[in-house]
Amino acid sequence: MTRLPARDLDHILSHTRDLWDDLRGRTIFFTGCTGFVGMWLIESLLCANDRLDLGVSVVGLTRNPERFREKAPHLAGHPTVRLLRGNMVGFEYPEGQYPFVIHAATEPPLAPDITNPLGVFPADVQGTRNVLEFARRAGTRRLLFVSSGGIYGKQPSQMTHIPEDYTGAPSTMDIGSAYGQAKRVSEFMCAMYARAYGFDATIARLFTFVGPLLPLDARYAVGNFIQDALRGDPVRVAGDGTPYRSYLYAADMAVWLWTILLRGKPSRPYNVGSSEAITIAHLAQTVAQHTGAMEIAGEPVRGAPAERYVPSTTRAHAELGLRHWIDLKEALRRTLEWHRSGDLRATRPPP
Numbered sequence: 001m002t003r004l005p006a007r008d009l010d011h012i013l014s015h016t017r018d019l020w021d022d023l024r025g026r027t028i029f030f031t032g033c034t035g036f037v038g039m040w041l042i043e044s045l046l047c048a049n050d051r052l053d054l055g056v057s058v059v060g061l062t063r064n065p066e067r068f069r070e071k072a073p074h075l076a077g078h079p080t081v082r083l084l085r086g087n088m089v090g091f092e093y094p095e096g097q098y099p100f101v102i103h104a105a106t107e108p109p110l111a112p113d114i115t116n117p118l119g120v121f122p123a124d125v126q127g128t129r130n131v132l133e134f135a136r137r138a139g140t141r142r143l144l145f146v147s148s149g150g151i152y153g154k155q156p157s158q159m160t161h162i163p164e165d166y167t168g169a170p171s172t173m174d175i176g177s178a179y180g181q182a183k184r185v186s187e188f189m190c191a192m193y194a195r196a197y198g199f200d201a202t203i204a205r206l207f208t209f210v211g212p213l214l215p216l217d218a219r220y221a222v223g224n225f226i227q228d229a230l231r232g233d234p235v236r237v238a239g240d241g242t243p244y245r246s247y248l249y250a251a252d253m254a255v256w257l258w259t260i261l262l263r264g265k266p267s268r269p270y271n272v273g274s275s276e277a278i279t280i281a282h283l284a285q286t287v288a289q290h291t292g293a294m295e296i297a298g299e300p301v302r303g304a305p306a307e308r309y310v311p312s313t314t315r316a317h318a319e320l321g322l323r324h325w326i327d328l329k330e331a332l333r334r335t336l337e338w339h340r341s342g343d344l345r346a347t348r349p350p351p
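For what it's worth, the numbering used here labels the leading residue of the sequence shown as 1, then goes sequentially.
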């Protein structure tokens, strides 16, 4: 079972209390409801629904409803939730009006895109178009598209924080950029459909996160480090530790996404992440405080600029009043505590 911590749900509600009346009595259609982002959004929505008596209904698109019921029975079994079998590329449009749509599904780049570019790119693009077709027929008023900072391509070394108006892009010759390219095309389709059919499309460009439900065995450095710590192993850095990243706690992420859906300016993207940069080596050291050991496998290249993937969040701060409320040390502590409590605990592999 994957229940989120009560204090995190309290945190989300305390920073979104003035938003929920917009959803009262409405039905929300979700894609990606079984993923990291989707599960945080659905559980926080159901918490608000129960506490505030909103009368919200949820229809969640999932490839495997049985797996979702096994993974999160408290969500799948909630009386306001209905699961729809299918994927974003092909699903039977449910009847009725859906004033709000959250499109958080993606063909996840859990392995390098270069291994399956012809799977990642068309699935994401065709899936987004299918969801937009559904939205235009379902009376949708506002749609949240969960995009990615990958749409910017490689961050210039002299740019400390990448803003939403940066016009760079992934190279069209880099087949490893299939995920970022697909998100870029999908954003453009959202803007076109919104203008043509009269609904509001809001765009959230997600960067990097930490918190309960984050996969520990995927290609996310912070998840890998946490898994090492939970096993009691040295925290191992596969590279040289010089790249810069930043991490927003998942409870803050949920606040940001609900705010962007309900208060964000239409067809205006917002970066979602932390602006507080940290090197991968420093991140590993911070996690290793819980185990006492770390290893760095690679050696820095002398004179080479450090690679960065750090957003500017000035727009979200200035226009929507969003903040980075939970700092990284507390975020790591909460994540480790959640795993150690028994949920999805990482264990040593059998000998």
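Cβ coordinates follow ideal geometry from the N, Cα and C atoms, glycine included.
Since this is a predicted model, take the numbers as computed values, not measurements.
Taking only runs of the alpha helix (DSSP H) that begin and end inside the stretch 50 to 95, which ones reach a length of at least 4 residues, in chain order?
List check, alpha helix (DSSP H) in window: 65 to 71, 73 to 76.
Could you give the DSSP three-state label for Ala201: helix, strand or coil?
In this structure, Ala201 counts as strand in the three-state DSSP scheme.
For the beta strand (DSSP E) containing Leu143, list its first residue and its last residue.
Its beta strand (DSSP E) spans residues 142 to 148.
Tell me, please, which residues DSSP counts as bridged to Thr160.
In the DSSP output, where bridge partners are listed per residue, Thr160 has none listed.
Could you give the uninterrupted runs of the alpha helix (DSSP H) lying entirely in the stretch 217 to 269, keeping only those of 4 residues or more?
221 to 231, 250 to 263, all fully within the stretch 217 to 269.
Using a Cβ-Cβ cutoff of less than 7 Å, which residues in the same chain neighbour Pro266 once the five nearest sequence positions on both sides are dropped?
So the list reads Ala194, Asp200, Ala201, Thr202, once near-sequence residues are dropped.
Residue range of the beta strand (DSSP E) that Ile296 falls in?
Run containing Ile296: 294 to 296, per the beta strand (DSSP E) assignment.
Would you decide whether Gly90 is buried or exposed? Buried here means 16 or more other CB atoms lie within 10 Å of its CB.
The residue in question, Gly90, is exposed, as its Cβ has fewer than 16 Cβ neighbours within 10 Å.
How many angstroms separate the CA atom of Glu133 from the CA atom of Asp124?
Answer to the nearest angstrom: the Cα atoms are 14 Å apart.
Taking only the alpha-carbon atoms, compute the straight-line gap between Trp258 and Lys329 and give it to the nearest angstrom.
Going from the Cα of Trp258 to the Cα of Lys329 covers about 24 Å.
Starting from Val101, trace the beta strand (DSSP E) both ways and give me its first and last residue.
Where Val101 is concerned, the enclosing beta strand (DSSP E) stretches over 100 to 103.
For the stretch 21 to 50, which segments carrying the beta strand (DSSP E) assignment without a break, of at least 3 residues, lie completely within its bounds, in sequence order?
For the stretch 21 to 50, whole beta strand (DSSP E) runs of length 3 or above, ordered along the chain, are 27 to 31.
Please state the DSSP three-state secondary structure of Phe134.
In the structure shown, Phe134 sits in a helix (DSSP, three-state: H, G or I).
Which residue wins for smallest C-alpha separation from Tyr309, given the options Arg63, Pro163, Asp50?
Ranking Arg63, Pro163, Asp50 by Cα distance to Tyr309 puts Pro163 first.
Hey, would you say Ala277 sits closer than 7 Å to Tyr247, going by beta carbons?
Not closer than 7 Å, so no.
Quick one: residues in its chain with C-beta nearer than 7 Å to the C-beta of Leu110, no 5 flanking neighbours on either side, listed in chain order?
At Leu110 the pLDDT is 49, less than 50, meaning the model places this residue with poor confidence; the figure from the coordinates comes in the next sentence. Contacts found: Ala218, Arg219.
DSSP state of Thr128, grouped into three classes?
Correct three-state label for Thr128: helix.
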